[in-house]
Amino acid sequence: VVEGLALLDLGVSPYSGAVFHEVRLPSGSCSIPLLCPQSLCLCLAFLQITDVLTAVALYLAIQDFNKVVFKKQKLLIELDKYAPDVAELIQTPMEMHYIPLKVALFYLLNPYTVMSCVAKSTCAINNTVIAFFILATIKGSAFLSAVFLALATYQSLYPLTLFAPALLYLLQRQFIPVKLKSKSFWLYTLQYAALYLCNLVVIICLSFFLLNSWDFIPSVYGFILSVPDLTPNIGLFWYFFAEMFEHFSLFFVCVFQINVFFYTIPLAIKLKEHPVFFMFVQIAIISIFKSYPTVGDVALYMAFLPLWSHLCRFLRNIFIPSCMLIVCSILFPVLWYLWIYAGSANSNFYYAITLAFNIGQIQLISDYFYAFLRREYYLSHGLRLTRQDGTEAMLVLK
Amino acid sequence: MAAVAAVVLLLLLAAAGPGRARPDVLREELLLSPLPAGDVAATFQFRTRWDADLQRGAVSHYRLFPKALGRLVAALGVRELHLALTQGFWRTRTWGQPPLQAPAGAELWVWFQPTVTDVDKAWKELSNILSGIFCASLNFIDSTNTVIPTASFKPLGLGNGTDHHLLRYAVLPREVVCTENLTPWKKLLPCGSKAGLAVLLRAERLFHSSYHSQAVHIRPICRDASCLSVSWELRQTLTVVFDSFASGQGKKDWSLFRMFSRTLTDACPLASQSKVYVDISPKNKVMLTDQRRPPAPSVQPLCVALKHLTSISCMARPPTSPPGLMKGSGFLPLSKAAGMSVVVLTALSWLLGGKGQGQSEGLCPAFTVTLRVIFIIHLLSQEKELLEVTPPPVSLYEAVVQGEKRTYAVYDLLSPSLFNTSRSLNVQLKWTRPQDTSELPTPVLHAHRYVSGYGLQTGEISTLVYNTHPYRAFPVILLETVPWYLRLYVHTLTIITKGKENKPSYIHYQPAQDRRRPHLLEMLIQLPANSITKITIQFERALLKWTEYPPDPNHGFYVGSSVLSALVPSIIAMKEVDMEQSPLFTSLFPSSDGSSYFVRLYTEPLLVNLPTPDFSMPYNVICLTCTVVAVCYGSFYNLLTRTFHVEEPSRGRLAKHLANIIRKLRGVPPL
């Protein structure tokens, strides 16, 4: 299966630290590449450990988040913010008890995680950093959150967009209202941004001193942004830019890259009360639209699905996206084999599957988003909606 | 009056003086050598030597040296230029070591003067100009196929600067060499193809061959032994291999006319030397020297012969090993043997030292030496009978070429006696007896390269390097240039000799950059005696943009030959030869001492398939992918900008009216 594989393998080579453009992980900053050549087993064990760490971090984070959710619910009920007949929508501690465990297991037992671990993808490390970032954010530690966010950004640039949900969450935790006119809001934002930027600069300088050249900046971030490597993966970029007309290439690269960052601000406005859901949507968008997506990225956001199990009753068409995802996951290796090894299919077959897979993911995420918004509406307006004339009403988006 | 005449004479002499001070010399040579497998290799070499310093820019009058190249060298600060255009592949294993090998396609390597500031620009300009001169697609040489080797290529001429930043090397393995490249090459010759050896160069014959390689080498050389001033040398070489076995109805005999459909009538009037060499050295020489399989003389018949000669009884035992060399041939008259024995004895007594003891031990002890002598003479007599050259050569020339002793029949086209009897020279060679084809000599160093693996994702390049020297190990420099779209993984590089890992003592690796530069891997590997070294490296195939594929992309992509450079220990001690005087076969490469000779080998170019996108799909792909992005954008836009509302009853009022009208028409009560 297509992976961002062999990153570690490249890191193994003694020369890669210098100029190898494919070293998306500048090997100077981490000792993993030095560890890995010894043996395959060691490498696999290491990746398994990172996966377990990710799962533990997610477990702790979600446990904490549940407590927060519960407190918030209690507060809102006490403040009478909820409509009277929404008792069945409110999450009970009984339901929430197993959610952290479910999330951790969902991550560990997800076939995508297993696959990316077997393929020795460095995506696992990336996931671990993001999981620790989430943990630090939910625990309310601004400094650690900034450190891990900087690390994640340093690794793959896209987690930059997670700055917004983290900030919103921390603001909420500090009971600072998100108002553009309030002074404390700006103060805290600047504080967090400064922390984040300092960390980023420190990490980048550190790798500069380890490598003694700035070569890694274009070779890592230029590589992510300008998409020169068109090796087939599960994303949308490779075939699009393989088939692109030369003179439009730059334009579409810009459009596609902006697309990843584009959703952050509208989402931040819409979901400013729910930063964790915002984080989930943002991680999902990154994993769909990043330039070199791998199945490991998919595994990370899918781990959050049990957290939103209370949305299930509002999902419109969960059946179709889940069937699409399952069928595509099965067809990926089949069509890959037919194209690359058997030669009886061509690239279009595999491309069609990536399209279907991505549509499936988009459907899934937008469906969850829809369900989340709908539940919020019901919570504030009551489950029994009536028209003016007293008959049962339909809810529509307008 | 006499005084005036003297002054005029003096003036004339003075005017002629500088002209003579920098004379151009042209030598043309043709070497015809029958190859072991039955093919014939013809190597032309035209050497123009010019005792003038091109770099100074003072040269304005060109005589024999082609002006196009001379101006190029002067303008771009070229110190050395080597260009080879080749069609086909020289099969080192069956054809032996070539005089000058070149990789399939076009090869260009240039050393620039240290005064050149922007080497890359000069290189680009040079390849474009050469592309125009030789009608070849050398303008496709850019940064994606140019490398800077650090160890493999050294300047062959004067000046031992080894700052490799002045060197550029590029190979275009896809280049097809044909008539349009030959014609401009011929035009650089002083006599064109009108006279001299060049009349043989007819395109329709040259390209109807197994191998065709034409090259241009320009280098500065010492003007004289003291080496105080510089001369420039231009070598134009052309090697062609004819499959005479196939074209001659199963016979391996050949003649100039049959190969070139022309004969030689005269020398080029501008040439100061014009010679044809025919390699008539014995083909079983390797058996003489190959110590792994010492010749096993049949003791019994020799003993019987000796009995006749010396009337001494001898109890001969039947030979333990088959009499490989004696089969099918009769005995020499022993009187002749006795006459020559003293001479040959001293020279060759080492040869069978200790080897024949097994058979003759205790049986004919007194005659062991004599036996050997007779045996050697027998071999020599066999060699002489193998082939027959007509017309009889004027002279014979013996030389040690690439570690082997060779004998050449020489025809000097400038000597008037040659064209006395007939008007043209048509060298013919006949094999008097069929050759023993089972005993093909293998060259000391040869290599074989292939790509393995299945599917279009990954693969492996394997290079097998053979050292067949019986007892000497030697190092070899391997240069591998791989285009960027095959992503090499250096950590998978393995070098295995005789089942053990062989660590290279020098390794230089420059990884590729996408669309900018190729991979360059240079290694110094020690080859143990009598061994096969296997070098493997794995790669991954990249998917390219659809505009980057050449026409017919499913044909595959060529990967240029890898270059093996080595100082191969010679089997026969070489004597120092005067480089300037000796002809063609003391090639470009200088030899430091007599014990080894320089060999540069090129392996097979590789053909690698890459995964291809569907070339008819660009519009569809752009539309479909953009649709997917738009689906995401649309659904998120929807959710982000709209809010939930309770459905209002006013909705669908128009539809209700319409429905009621229809219902009224049908006579059904309205809604």
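Residue numbers (this note's numbering), protein chains in the order written: chain R, 17 to 414; chain W, 19 to 689.
A virtual CB, placed ideally from N, CA and C, is assigned to each residue, including glycine.
Nearest to residue i (by Cα), restricted to the options the options
| i | options | result |
| --- | --- | --- |
| Q63 of chain W | W:A122, W:Y468, W:L683, W:G214 | W:G214 |
| K674 of chain W | W:H663, W:F662, W:P687 | W:P687 |
| L354 of chain R | R:S345, R:F365, R:C344 | R:F365 |
| F159 of chain R | R:L121, R:Q207, R:N275, R:T138 | R:Q207 |
| P493 of chain W | W:A169, W:V217, W:Q115 | W:A169 |
| L321 of chain R | R:T66, R:Q89, R:I78, R:Q64 | R:I78 |
| G106 of chain W | W:T512, W:A124, W:L672 | W:A124 |
| I550 of chain W | W:T486, W:A648, W:T510, W:L683 | W:T486 |
| V84 of chain R | R:D96, R:C221, R:F62, R:P109 | R:P109 |
| Y279 of chain R | W:L676, W:K682, W:L683, W:N656 | W:N656 |
Residues that DSSP places opposite residue i in a beta bridge
| i | result |
| --- | --- |
| C240 of chain W | W:V248 |
| S231 of chain W | W:T104, W:T257 |
| H663 of chain W | R:V412 |
| W8 of chain W | A question about residue 8 of chain W goes unanswered here, because the residues of chain W that appear run from 19 up to 689. |
| L99 of chain W | W:V128, W:I236 |
| K293 of chain W | W:E47, W:D430 |
| N485 of chain W | W:L463, W:S549 |
| P623 of chain W | Paired residues: none, contrary to the question. |
| T164 of chain W | W:A188 |
Alpha carbon of residue i to alpha carbon of residue j, nearest angstrom
| i | j | result |
| --- | --- | --- |
| Y394 of chain R | D632 of chain W | 50 angstroms |
| V26 of chain W | Y80 of chain W | In this predicted model, V26 of chain W has a pLDDT of only 46, less than 50, meaning its place in the structure is not dependable; the value taken from the coordinates is given anyway. One C-alpha to the other measures close to 26 angstroms. |
| H230 of chain W | T164 of chain W | 24 angstroms |
| Y472 of chain W | N627 of chain W | 10 angstroms |
| D80 of chain R | V72 of chain R | 12 angstroms |
| H290 of chain R | Y212 of chain R | 22 angstroms |
| V297 of chain R | L389 of chain R | 13 angstroms |
| L586 of chain W | P117 of chain W | Correcting the residue type first, residue 586 of chain W is Val in the shown sequence and not Leu. Each residue's Cα considered, the two are about 14 angstroms apart. |
| N157 of chain W | P459 of chain W | 40 angstroms |
| F437 of chain W | S580 of chain W | 46 angstroms |
| W324 of chain R | S396 of chain R | 18 angstroms |
| L283 of chain R | L658 of chain W | 7 angstroms |
| K345 of chain W | G56 of chain W | Here the model assigns K345 of chain W a pLDDT of 34, short of 50, so the residue's position is not dependable and the matter cannot be decided. |
| M260 of chain R | K212 of chain W | 54 angstroms |
| F239 of chain R | Y308 of chain R | 10 angstroms |
| R186 of chain W | W141 of chain W | 7 angstroms |
Where residue i sits in the DSSP three-state scheme
| i | result |
| --- | --- |
| N364 of chain R | helix |
| W564 of chain W | helix |
| G214 of chain W | helix |
| L538 of chain W | strand |
| T370 of chain R | helix |
| F64 of chain W | strand |
| Y655 of chain W | helix |
| D136 of chain W | coil |
| G477 of chain W | strand |
| G123 of chain W | strand |
| K286 of chain R | helix |
| R332 of chain R | coil |
| Y279 of chain R | coil |
| A169 of chain W | coil |
| P410 of chain W | coil |
| E104 of chain R | helix |
| F575 of chain W | strand |
| K88 of chain R | helix |
| Y308 of chain R | coil |
Beta-carbon separation (whole angstroms), residue i vs residue j, contact threshold 8 angstroms
| i | j | result |
| --- | --- | --- |
| Y144 of chain R | L69 of chain R | The residue asked about is misnamed: residue 144 of chain R is Thr in this sequence, not Tyr. Confirmed, about 5 angstroms. |
| T512 of chain W | T554 of chain W | 5 angstroms |
| L762 of chain W | A59 of chain W | Outside the shown range of chain W (19 to 689) lies residue 762 of chain W, about which nothing can therefore be said. |
| S228 of chain W | V259 of chain W | 5 angstroms |
| I220 of chain R | Y185 of chain R | Going by Cβ atoms, the distance from I220 of chain R to Y185 of chain R rounds to 25 angstroms, so no, they are not a contact pair. |
| I239 of chain W | G175 of chain W | 6 angstroms |
| S132 of chain R | G312 of chain R | 4 angstroms |
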